[in-house]
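Participant:
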Amino acid sequence: MVFSSLVFLFHFLPLFLLLYYICPAKWKNAVLFAGSLIFYIYGVKNEPWYFFLFLLSVLVNYHIGLV
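This is the structure we're talking about:
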């Protein structure tokens, strides 16, 4: 999925923004993270191991940030 695709502009983005703005403030970061994962999963649906590489990268960066 690219930012200029019709799926992104008319399906993903409106639903994501609606969910983001109706959720409580303490859940906004989780919604952003989930939206990013969904966007990335849709983009790499032909190569699913990229998703696990992405998750590994997120976890490593998170733990490095804690140090």
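In our numbering, the protein residues as written are 1 to 67.
All residues carry an ideal CB built from backbone N, CA and C; glycine is no exception.
1. Would you mind working out which of Val31, Leu59, Tyr42, Asn46 sits nearest serine 5, comparing C-alpha positions?
2. Could you pull the start and end residues of the alpha helix (DSSP H) that alanine 25 belongs to?
3. Are the beta-carbon atoms of phenylalanine 51 and glycine 35 separated by less than 7 Å?
4. Please report the straight-line C-alpha distance between phenylalanine 10 and leucine 53, rounded to a whole angstrom.
5. Roughly how many angstroms separate the alpha carbons of asparagine 61 and methionine 1, rounded to a whole number?
6. Excluding sequence positions up to five away, which residues of its chain have a Cβ less than 6 Å from the Cβ of proline 24?
Facilitator: Reading it off the structure:
1. On the sequence shown, residue 5 is found 5 positions in, with the first residue counted as 1. Cα-wise, what sits closest to serine 5 is Tyr42.
2. Residue mapping note: residue 25 aligns to position 25 of the sequence shown, counting from 1. Taken as a continuous stretch (DSSP letters only), alanine 25 belongs to no alpha helix (DSSP H), as it is neither H nor E.
3. Translated into the one-based positions of the sequence shown, residue 51 becomes position 51. Translated into the one-based positions of the sequence shown, residue 35 becomes position 35. No, these two residues do not count as a Cβ contact at 7 Å.
4. Along the sequence shown, read from residue 1 onward, the residue named residue 10 stands at position 10. Along the sequence shown, read from residue 1 onward, the residue named residue 53 stands at position 53. The alpha-carbon atoms of phenylalanine 10 and leucine 53 are separated by roughly 28 Å.
5. Along the sequence shown, read from residue 1 onward, the residue named residue 61 stands at position 61. Along the sequence shown, read from residue 1 onward, the residue named residue 1 stands at position 1. If I take the Cα positions, the gap works out to 24 Å.
6. Counting from one through the sequence shown, the residue named residue 24 turns up at place 24. Setting aside the 5 residues that flank it on each side, proline 24 has no residue in the same chain whose C-beta is closer than 6 Å to its C-beta.
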